[in-house]
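Position in the sequence shown (first residue = 1) + 715 = our numbering. All C-beta atoms in this analysis are idealised placements derived from N, C-alpha and C, irrespective of residue type, glycine included. Note sheet for the following structure.
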Amino acid sequence: MIKYINMKKNDLLKLRGRKLTEIEDILKNKRLEFIRAKTNLKAKREKNLKKAKLLSREISQMLTIIKEKKLIEKIK
């Protein structure tokens, strides 16, 4: 089982440097991973109980970055 670690500040800075389409692709994968974690948690197959919570936090951080990038594009 892979130990799950939440995103650090450096990871967020790297994400901010990526293109909008790349971030959306990563977001799509994170959402699928979140759904799998939730179902495994309900089926009591998941050992890391915080995994779904951390994934939802990462998803919200990515959505915030996407929204910021869209606002910056709109201003320019």
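Among L769, I774, E783, E761, which one has its Cα closest to the Cα of R746? I774
query = Under 9 Å between the Cβ atoms of L781 and L742?
reply = First, the residue type needs correcting, since residue 781 is Ile and not Leu in the sequence shown. Yes, the Cβ-Cβ distance between I781 and L742 is below 9 Å.
> So what does DSSP say about L764, is it helix, strand or coil?
Replying inline: coil
Open item on the list: Please give me, in chain order, every unbroken run of the alpha helix (DSSP H) with length at least 4 that falls completely inside the stretch 728-762.
Closed with: 735-757
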